[in-house]
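The structure appears right after this line, and notes come after that.
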Amino acid sequence: MPSRSARRRFWISRPASTRKGIHTDASAAAGGPFNGLIASGWHTMALMMRILVRYYLNEAASLASPGVDELRWLKPVRPGDVLSLRCTVVQARASRSKPDRGLVHTAIEILNQHQETVATLTMMNLLRRRPDPRPAVSGR
633 MPSRSARRRF
643 WISRPASTRK
653 GIHTDASAAA
663 GGPFNGLIAS
673 GWHTMALMMR
683 ILVRYYLNEA
693 ASLASPGVDE
703 LRWLKPVRPG
713 DVLSLRCTVV
723 QARASRSKPD
733 RGLVHTAIEI
743 LNQHQETVAT
753 LTMMNLLRRR
763 PDPRPAVSGR
C-alpha cells in the first residue's frame with residue numbers, strides 16, 4: 633500500500649476537474665467533462681439506499697446485505713433531478729444453512745424525472761422468512 637504522503641501527492645496531482653469541482657463548483661464544472669455540476673455517484677447511491685430502506689425493505693424482515701454486484705453509473709445526476717427506483721426480484725432462495733432466512737437478489741434501476749436510467753446495480757439481501765403454514769409431513 634502506498635504511503636500516506638504518496639497517496640496525498642497522487643490526489644493533489646490530479647486535475648481539478650476530477651476532484652470535487654464537478655460536484656461543488658459551478659464554474660469549474662462548466663468546463664469539466666460533464667459540462668456542468670453533477671452529483672457524486674456515491675451520493676446518488678446514498679439516496680438510493682434511503683429510498684430502498686424506506687419503501688422496499690421490510691424493517692421486520694431485513695437482516696443484512698452480503699453485497700452489491702454490477703454497480704454502474706450510466707448518466708450524470710444533475711441539480712434538481714428527482715430520483716426514483718425500479719426494483720425487480722431476479723432470484724429468491726432459502727438459505728441452505730438457516731431455513732428461517734432467505735437470500736433475495738434485486739435488480740435496481742435508479743431513474744430520473746424523465747424516466748432515464750441513471751444507475752443500475754444488483755443488490756443481495758438476507759431476509760427473515762415466514763414459517764411454512766403447511767403442516768409438517770413426517771417420514772414413514
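Numbers given in the working numbering equal positions in the sequence shown, counted from 1, plus 632. Don't be surprised by glycine CBs; every beta carbon is placed ideally from N, CA and C. Computed from a predicted model, the values in this text were never measured in an experiment.
Local Cβ density within 10 Å of residue i, reported as buried at 16 or more and exposed below that
i: isoleucine 644; result: Note on isoleucine 644: pLDDT 49, under 50, position unreliable in the model; no value is reported.
i: threonine 656; result: exposed
i: methionine 680; result: buried
i: valine 722; result: exposed
i: glycine 664; result: buried
i: threonine 650; result: Here threonine 650 scores only 49 on pLDDT, less than 50, and its place in the model should not be relied on; the value that follows carries that caveat. When all chains shown are included, threonine 650 counts as exposed.
Whether residue i touches residue j by CB criterion (9 Å)
i: leucine 706; j: methionine 755; result: no
i: threonine 738; j: cysteine 719; result: yes
i: aspartate 701; j: asparagine 744; result: no
Residue i, enclosing alpha helix (DSSP H) - first and last residue
i: alanine 662; result: 658 to 662
Candidates the options: closest to residue i by CA position
i: proline 698; options: Ser727, Leu717, Val750, Gly653; result: Ser727
i: arginine 760; options: Gly663, Asn690, Pro708, Leu743; result: Asn690
i: proline 708; options: Ser659, Ile654, Ala662, Ile670; result: Ile670
N-terminal and C-terminal residue of the beta strand (DSSP E) that residue i is part of
i: arginine 728; result: Taken as a continuous stretch (DSSP letters only), arginine 728 belongs to no beta strand (DSSP E), as it is neither H nor E.
i: leucine 679; result: No beta strand (DSSP E) holds leucine 679; the alpha helix (DSSP H) holding it covers 673 to 687.
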